[in-house]
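Chemist: Top line first, the protein sequences correspond to chains A and B. Just so you know, we're using this note's numbering here: the first sequence kicks off at 59 and counts up by one. Just so you know, we're using this note's numbering here: the second sequence kicks off at 412 and counts up by one. Structure provided below as structure tokens; questions to follow.
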Amino acid sequence: MLRFALRRLAIAVPMIILASFVMYLMVTLSGDPLARFRDTDPPPPPETIKLLEKQFGLDQPFFVRYVNWITGLFRGDFGVSTQNIDIGAELGNRMMVSFRLILAAIVIAAIVAIVIGVVSALRQYGFLDTTLSVVTYIALAVPVFWFAILLKQAAISFNQMVGSTVLYTIGDGVSTGVTGFALLGFLVLPTIALVINIFASWSRYVRASMIEVLSADYMRLARAKGLSRAQAVMRHGLRNALLPFITVVALDFSALVGGAVVTEAVFQWRGMGDLLLNGVRNIDVNVVAAWLLVFATATILMNLIADLLYGLLDPRIRQH
Amino acid sequence: MRKTRLIATAAVIAAASLLAGCSGGGSPENTQDGVPQGRVTGDLNTVNTVDDVEPGEIVFAIEKTIANWNTLSAAGDISETVWVTSSIYPSTFIVQPDGSTILMNEDLLDSAEVVQDSPTVIEYKINADATWSDGVPITADDFVYQWQALNARDCTECITHDTDGLDKVVSVEGSDNGKTVTVTYNRSFSEWKRAFNRLLPAHLGEAHGTIAESFNDYFVNTAPEFSGGPYIISDYQKDVSVTLEPNPEWWGDEPKLTKVTYRMITDTQQTPIALQNKEVQAMYPQPQVDMLQQLDGMVSLGVNYQMNQSLVMESFLLNLSNSFLADKPLRQAIAMAVDSQEIIDKTVGQFDETVTPLGNAMIMQQQEGYVDHAKELGNGQGDTEGATKILEDAGYTIVDGKLHTPDGDEVAPLRTVYTVGNAVRESSAEILAAALKPIGITLALETTDALGKTTSEESPYGYDIVIVGYTGQPFLASNAFKRYTTGTGYNPHYSNPEVDRLVDEALGATSQADVIDLINQADKLLLDDAYIIPIYQKPSLLAYYREYGNVRDNPTMSGPTYNLSEWGIIPGVLDG
Chain A
59 MLRFALRRLA IAVPMIILAS FVMYLMVTLS GDPLARFRDT DPPPPPETIK
109 LLEKQFGLDQ PFFVRYVNWI TGLFRGDFGV STQNIDIGAE LGNRMMVSFR
159 LILAAIVIAA IVAIVIGVVS ALRQYGFLDT TLSVVTYIAL AVPVFWFAIL
209 LKQAAISFNQ MVGSTVLYTI GDGVSTGVTG FALLGFLVLP TIALVINIFA
259 SWSRYVRASM IEVLSADYMR LARAKGLSRA QAVMRHGLRN ALLPFITVVA
309 LDFSALVGGA VVTEAVFQWR GMGDLLLNGV RNIDVNVVAA WLLVFATATI
359 LMNLIADLLY GLLDPRIRQH
Chain B
412 MRKTRLIATA AVIAAASLLA GCSGGGSPEN TQDGVPQGRV TGDLNTVNTV
462 DDVEPGEIVF AIEKTIANWN TLSAAGDISE TVWVTSSIYP STFIVQPDGS
512 TILMNEDLLD SAEVVQDSPT VIEYKINADA TWSDGVPITA DDFVYQWQAL
562 NARDCTECIT HDTDGLDKVV SVEGSDNGKT VTVTYNRSFS EWKRAFNRLL
612 PAHLGEAHGT IAESFNDYFV NTAPEFSGGP YIISDYQKDV SVTLEPNPEW
662 WGDEPKLTKV TYRMITDTQQ TPIALQNKEV QAMYPQPQVD MLQQLDGMVS
712 LGVNYQMNQS LVMESFLLNL SNSFLADKPL RQAIAMAVDS QEIIDKTVGQ
762 FDETVTPLGN AMIMQQQEGY VDHAKELGNG QGDTEGATKI LEDAGYTIVD
812 GKLHTPDGDE VAPLRTVYTV GNAVRESSAE ILAAALKPIG ITLALETTDA
862 LGKTTSEESP YGYDIVIVGY TGQPFLASNA FKRYTTGTGY NPHYSNPEVD
912 RLVDEALGAT SQADVIDLIN QADKLLLDDA YIIPIYQKPS LLAYYREYGN
962 VRDNPTMSGP TYNLSEWGII PGVLDG
């Protein structure tokens, strides 16, 4: 198992370094980082632009900038931001904000997916299965930003009905000092928006996995031993069906972050998604490159965890 | 089976209520005599004036986060930052909403007078009670700090946005314990009121290193814990909000609102929703058709709005370094063929019927002294026949729909550049292309994601025609000097010695009437040269709940919070 893990890690490290170079190159080529300064009216004098170029290291050739950036990472220095932000500190703070949102979404999406998946499998091709399938396919197809806007409008109607602002459409609450139960008012809408896409795909996976398990010999054996259907499903079926599901959750990490970028923008959470969007808008190379590096590292790590879990759960994988 | 039906029914009801939530927006019934019910109109400088407002709180949405607190620096001179800090950093003069009236800050100054004309010498008398919030008096030292930071001589490493005219100042001297400041210019200078705005505390600057160190670092990166105005920052959550509360050391009239929170909402589409949900009570976004419809739908919730002309003028800028455009008759023909009204009708006119063609590039429509030179010259009228006659008189010919110069060369397609993703400018460019087609001129439309770089390029030339949004100023001569005179840096392609002379005279004029007269003469020459073709002034939009009194749109650089200390709750409105 250790050799298996080391082999995977040996592949992951050069992938991250290669990814960092490609990302840095792509972001650098995407535009002029000083465009927003030049675009002001009236524009700053040329002397000021020269000072800014020097300040942001833009007077250096690309390779020098990349080498400075990548070596700086080992010292915990993510480089200078044209938005004047401390990139390292910002990544840390914003990861916490995004983590709060993503964690809540994972937990809720997983619970909903398991319930719907199991119920659908147990009622395969029945009315309930068909209805839930329709619902999940709709959820799968709904664009997150559009659904988020609908949620907001529904929240406004709800608030007007109850006569006070219970559900909030902007902010995470924590940043503005909200504590306790009131935080739910900030968490509900973005969590639902993020959950909607994820639970749908997960529930289809659970359903398929459960249908396969239900027709397995050991399930028939369990029933023959005298277990009720519910007992057989809970003790043997569900456990076996859900083990590979854990790896699916790990592999879906990148999809979750993608959803969080949109959700954070719509609900104005200052998380990793918002950091990326601002970085892209302002062509802040070091911010975008740092974000992508963190994301790439996390994705590769999650894939590694998924591989290791597979290996752990299925000994046949380890031997290959 | 009953349970499954119940679940299915519940799902349908939930979906229906979600979709019902999507309804809303404006309706044509929300109008009174053609004016939308929520739209507040009146004198720009006094609209929504209420004498006896009561204390309260407000959350004001801003579209940008604050990454730099020094509004005098290149990266910090952002409108939103200026609005947030306008009641913290004291200014000597405040530009009123009409863009012409410039009032002395009577809380900061007892007087500001010209004591000598040539060269200009100004004497400021600072209010004896004026102090920073840490108890240190506001004195000549603060004026000297700003002068040294901005004059481009004493601090060449200071990353400034503009000199504010301080490059023409030869000395700033304090007397009377620093409460009298004498400022001497190197010439006669009419627009001295633009200097010494957004003062920073010199004693804090000194405590944080050299001028360059404090200007580029301390004042940039530190959210001000000081104040020289009616409010002081009580809480700052990076990228989320800034909260102001009354400055306990403030010497003037007590501000009415006890708490002002600026909420940073960077996705502009989310701001009207937050307003509707009462998470914010005021916003100052770029107006769009959808947004106006949303606001009309909020009238019943108590939302009012003011929509005025901003000082930003949309214009076509012609590159005189292009060999074809170097010929004046060709430029004049283009200016005459443009139909400004058609462009308005198909763009901003769809949500603001009050927008009219702009006929002056140096004085905006709401400003004192505005004269429509474009109409006098026949520019912007969509006059294809007139344009054709100018070209024919100059020896041009149109062969097979293509314009040929008097030398017989076919006029090459002109690269017309507009900002990528800007639908209004895209429409304007397309309408221009259609207008020029009958006179044989073809446009090659292109986009740019760096308009500033495009317009400042000398070689290689980034454009032949470019659509720009130039911001007008109350300081007419300084604005004209920067934009239209020879070799100023903002204008690499145009030169007219007569325009240079008139603008220079205006800079040295002793009365505003003289400034206006000289600038109008210069503008007429400029428009006759057809270097710039003004189209219209962009509208501005301020939306707020109607219980707030004295909230007023100020489309100048002062911004809508220029009178924040006067804002308050109108008695009885909330009860009604």
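C-beta: ideal position from N, C-alpha, C; glycine also.
#1: Please report the straight-line C-alpha distance between ARG287(A) and PHE257(A), rounded to a whole angstrom.
#2: Please report the Cβ distance between GLU660(B) and SER497(B), rounded to the nearest whole angstrom; I am assuming they are in contact, meaning their Cβ atoms lie under 8 Å.
#3: Just reading off the alpha helix (DSSP H) that ALA308(A) is part of, what are its end residues?
#4: Does the Cβ-Cβ distance between ASN336(A) and ARG94(A) come in under 8 Å?
#5: Looking only at DSSP bridge pairs, what is VAL532(B) linked to?
#6: Quick check: LEU887(B) and ILE930(B), are their CB atoms within less than 8 Å of each other?
#7: Is the distance from the Cβ of ASP509(B) to the Cβ of GLN326(A) below 8 Å?
#8: Indicate whether the contact test is met: 3 or more Cβ pairs, each with one atom in the region 260-269 of chain A and one in the region 350-370 of chain A, closer than 8 Å.
#9: My output table needs one value for THR460(B): the three-state DSSP class, helix, strand or coil.
#10: What residues from chain A crowd round GLN557(B), counting only those whose CB sits closer than 8 Å?
#11: For PRO102(A), return the contacting residues in chain B, with the cut-off set at a CB-CB distance below 7 Å.
#12: Between ALA805(B), PHE735(B), ALA933(B) and THR682(B), which lies nearest to LEU854(B) when the distance is taken from Cα to Cα?
#13: Sort out for me which residues DSSP pairs ALA472(B) with in a bridge.
#14: Verify the CB distance criterion: does PHE114(A) have a CB-CB separation below 8 Å to chain B?
#15: So, helix, strand or coil for GLU725(B), using DSSP?
#16: When you check each C-beta in the region 818-833 of chain B against every C-beta of chain A, which residues fall closer than 7 Å?
#17: Identify, in the order they occur along the chain, each residue of the same chain with its Cβ nearer than 7 Å to the Cβ of ALA213(A), setting aside the five sequence neighbours on each side.
#18: According to the neighbour-count rule (16 or more other Cβ atoms, all chains shown, within 10 Å of its Cβ), is HIS572(B) buried or exposed?
#19: Give me the DSSP bridge partner(s) of ARG950(B).
#20: What does DSSP give as the partner residue(s) for ASN715(B) in the beta ladder?
#21: Touching or not, the region 476-492 of chain B and the region 571-591 of chain B, by the rule of three or more beta carbon pairs under 8 Å?
#22: Is there a Cβ from chain B that is less than 8 Å from the Cβ of PHE289(A)?
#23: Between the region 636-663 of chain B and chain A, which residues of the former have CB atoms less than 7 Å from a CB of the latter, in chain order?
#24: Reducing DSSP to helix, strand and coil, say where GLN699(B) ends up.
#25: Can you grab the Cα-Cα spacing for the pair LEU825(B) / GLY832(B), in whole Å?
#26: What does the alpha-carbon distance come out to for the pair GLN761(B) and PRO698(B)?
#27: Give a yes or no on whether 8 Å exceeds the smallest Cβ distance from GLN687(B) to chain A.
#28: Specify, as a first and last residue, the run of the alpha helix (DSSP H) that GLY708(B) falls within.
#29: Would ASN255(A) count as contacting chain B if we go by Cβ distances under 8 Å?
#30: Note down, in chain order, each residue of its chain lying with its Cβ closer than 6 Å to the Cβ of THR972(B), except the 5 sequence neighbours on either side.
#31: Any beta carbon from chain B within less than 8 Å of ALA167(A)'s own beta carbon?
#32: Chain A beta carbons: is any one of them nearer than 8 Å to that of ALA478(B)?
#33: So, at 6 Å on beta carbons, what are the nonlocal neighbours of PRO817(B) in its own chain, with the 5 sequence-adjacent residues on each side left out?
#34: Whose C-alpha, out of GLY576(B), VAL710(B) and ALA737(B), is nearest the C-alpha of ASP875(B)?
#35: I think ASP521(B) touches LYS536(B), with their Cβ atoms under 8 Å apart; what is that distance to the nearest whole Å?
#36: In this structure, what does DSSP give as the bridge partners for VAL651(B)?
Modeler: The answer reads as follows:
#1: Within the model, the alpha-carbon separation for ARG287(A) versus PHE257(A) is close to 26 Å.
#2: The pair is not a contact, with the Cβ atoms about 18 Å apart (cut-off 8 Å).
#3: Its alpha helix (DSSP H) spans residues 296-309.
#4: In this structure, ARG94(A) does not lie closer than 8 Å to ASN336(A) by Cβ.
#5: In the DSSP output, where bridge partners are listed per residue, VAL532(B) has GLN527(B) and THR595(B).
#6: Contact flag set, yes.
#7: No, these two residues do not count as a Cβ contact at 8 Å.
#8: Segments in contact, no.
#9: Of the three classes helix, strand and coil, the one that applies to THR460(B) here is coil, per DSSP.
#10: None at all; the shortest Cβ gap to chain A is about 17 Å.
#11: Result: ALA485 and HIS572.
#12: The residue with the shortest Cα to Cα distance from LEU854(B) is PHE735(B).
#13: DSSP lists ARG674(B) and MET694(B) as partners of ALA472(B).
#14: Output row for PHE114(A): interface = no.
#15: Looking at GLU725(B) - three-state DSSP - the assignment turns out to be strand.
#16: Shown here is that no member of the region 818-833 of chain B has a Cβ falling below 7 Å from a Cβ of chain A.
#17: So the list reads LEU225, THR227 and LEU247, once near-sequence residues are dropped.
#18: Burial state of HIS572(B) is buried, judged by a 10 Å Cβ sphere holding 16 or more other Cβ atoms.
#19: Checking the sequence, you will find Pro at residue 950(B) rather than Arg. DSSP links PRO950(B) through a beta bridge to GLN720(B).
#20: DSSP lists TYR955(B) as the beta-bridge partner residues of ASN715(B).
#21: Verdict: yes, contact present.
#22: Per the sequence shown, residue 289(A) should be read as Gln rather than Phe. It does not: the Cβ of GLN289(A) has no partner Cβ on chain B nearer than 8 Å.
#23: From the region 636-663 of chain B, only GLN648, ASP650, VAL651 and SER652 have a Cβ closer than 7 Å to chain A.
#24: Coil at GLN699(B), not helix or strand.
#25: Each residue's Cα considered, the two are about 21 Å apart.
#26: The alpha-carbon atoms of GLN761(B) and PRO698(B) are separated by roughly 11 Å.
#27: Chain A, which has a Cβ nearer than 8 Å to the Cβ of GLN687(B), makes this yes.
#28: Neither: GLY708(B) is in no alpha helix (DSSP H) and is coded neither H nor E.
#29: It does not: the Cβ of ASN255(A) has no partner Cβ on chain B nearer than 8 Å.
#30: Counting only Cβ-Cβ distances below 6 Å, and skipping sequence neighbours, we find TRP494 and SER497.
#31: ALA167(A) does not count as touching chain B.
#32: Yes, contact with chain A.
#33: The residues GLY806, in chain order, have a CB closer than 6 Å to that of PRO817(B) in the same chain once the five nearest residues on each side in sequence are set aside.
#34: For the set GLY576(B), VAL710(B) and ALA737(B), the Cα lying nearest the Cα of ASP875(B) is the one of ALA737(B).
#35: Contact between ASP521(B) and LYS536(B) holds: their C-beta atoms lie close to 4 Å from each other, under 8 Å.
#36: In the DSSP output, where bridge partners are listed per residue, VAL651(B) has none listed.
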